[in-house]
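Asker: What follows is a single structure, and I will ask about it in a moment.
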């Protein structure tokens, strides 16, 4: 029997459809696992899967949702059996555990989305439906087909001609069209689906996209190189929802670069600060930042006023040649300005120049970290090793930077090539 028949019948007749949202387990010992640290605070997972709990706002009322976060508790067979369709989202690090989910849901209509399926759909050789790119564009296309009693293999809205060509060459059928990145008018996330006490932090999103062009990062592929912000009203509605559900404590702002647009970021920080004042400051915030945060006192002050008290900064490496190699120019701006160097000159440094500039960069970076710390914002750091230009000193330089700047949480990872 066609496993999609029941779903298509219910969708066409607008009957109740039970949707199981599955977030695969993050493997032990990986970048975002945190399993050892979480045991100290009695929590099961760091943050809920924001993408999955945002999806319900895109569906009509006859769709009913349940969340199964496998980082909190194992996926139960009865959850699968009681659902009409399974939606699963994953990052690249969850590729193996996503395969395990697909095996278990083989008899159910299963829809895949998120970073890993969007970039590596050709690696998933299963009877599944792909909803790629951003849900604001592709979910409406899926729903339109379902209401007409049909379903296609893939729904995608690539932003470049190259991506479009690759998708059309791979999928023999699908609703695939070239489209610009969408405005973020998505309704608020459904935090009522979350087992709040299991998490160290809640999660919101102010924006997507990043103007930087770091070669090791897939953000520009997934979300584009222009920062798009959600309406302030959406953010405040999500904070109110979390407050009314009883959450108190830290909230992670899951942006690619929250401060990319200074004016838009300050507007949102100011609105959050006013909301915090009205509700007796129930939340603190952390987010992802660039080191240029230290050079923008107005922005730094607005973040602190909103309740910001930690930031994750992509240091990557203090090795000058490696930063040049991967186009991480945002980390080099200050040293280039002080030394009067152009990008072309940075590409052709002698060994002696590179050594001298690296030591200067370490000291300049430490100074910036301390500026952020003195404002009341704890600095966490992301580091990468394995660049082509890394030498035997590269790791020692990272350790020197971490120790001298007092970074309490340093997250190193090996460089991985992206598509």
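Residue numbers (my numbering): 205 to 623. Backbone N, C-alpha and C fix where the C-beta goes; we use that ideal spot for every residue, glycine too. Computed from a prediction, not measured in an experiment: that's the story for all the values here.
1. Less than 8 Å between the CB atoms is what I'm expecting for residue 476 and residue 511, so what's the real figure, rounded?
2. Which partner residues of residue 583 appear in the DSSP bridge assignment?
3. Quick one: which unbroken beta strand (DSSP E) runs of 3-plus residues sit fully inside the segment 346-433? Chain order, please.
4. From 529, 499 and 615, pick the residue whose C-alpha is nearest to that of residue 576; which is it?
5. Just the C-alpha distance for residue 495 and residue 528, rounded to the nearest angstrom, thanks.
6. Assess contact between the segment 452-459 and the segment 532-541, defined as three or more Cβ pairs (one per stretch) separated by less than 8 Å. Is contact present?
7. In angstroms with no decimal places, state the Cα-to-Cα distance between residue 479 and residue 447.
8. Tell me, to the nearest whole angstrom, how far the beta carbon of residue 211 is from that of residue 288; I am working on the premise that it is less than 8 Å.
9. Give me the residue from 468, 362, 567 and 390 with the minimum Cα distance to residue 427.
10. Work out the CA separation of residue 304 and residue 440 for me, nearest whole Å.
11. Taking the alpha helix (DSSP H) that residue 471 falls in, what are its first and last residues?
12. Where does residue 328 fall in DSSP's three states?
13. To the nearest angstrom, how far is the alpha carbon of residue 300 from that of residue 282?
14. Sorted by chain position, which residues of the same chain lie with C-beta nearer than 7 Å to residue 337's C-beta, five sequence neighbours on each side aside?
15. Among 302, 343, 509 and 546, which one has its Cα closest to the Cα of residue 579?
16. I believe residue 463 touches residue 420 by the beta-carbon criterion, under 8 Å. Please report the beta-carbon distance rounded to the nearest angstrom.
17. Might you give, ordered along the chain, the residues of its own chain that have their beta carbon closer than 6 Å to the beta carbon of residue 163, omitting 5 neighbours on each side?
18. Do the CB positions of residue 293 and residue 261 come within less than 7 Å of each other?
19. Taking 7 Å as the threshold (C-beta atoms), are residue 532 and residue 520 in contact?
20. For the candidate residues 442, 207, 381 and 374, whose alpha-carbon lies nearest to that of residue 396?
21. Between residue 514 and the rest of its own chain, which residues show a CB-CB distance below 7 Å, the 5 nearest in sequence each way excluded?
22. Using a threshold of 6 Å, is the CB atom of residue 212 nearer than that to any non-hydrogen atom of the ligand ADP?
23. Kindly indicate which residue of 524, 296 and 467 has the alpha-carbon position closest to the one of residue 327.
Answerer: Quick answer:
1. 7 Å
2. Paired residues: 515.
3. Positions of the beta strand (DSSP E) runs, each at least 3 residues long and wholly inside the segment 346-433, are given as 358-360 and 406-408 in order along the chain.
4. 499
5. Rounded to the nearest angstrom, the two C-alpha atoms are 16 Å apart.
6. no
7. 11 Å
8. 5 Å
9. 362
10. Across the structure, residue 440 and residue 304 are spaced so that their CA atoms are roughly 37 Å apart.
11. 466-482
12. coil
13. 22 Å
14. Excluding residues within five positions, the ones whose Cβ falls inside 7 Å are 322, 360, 361 and 362.
15. Nearest C-alpha to residue 579: 509.
16. With a Cβ gap of about 20 Å, residue 463 and residue 420 do not count as contacting.
17. The requested residue 163 does not occur in the structure, where the chain is confined to residues 205 to 623.
18. no
19. yes
20. 442
21. 490, 581, 582 and 584
22. The model depicted lacks the ligand ADP and carries no ligand whatsoever.
23. 296
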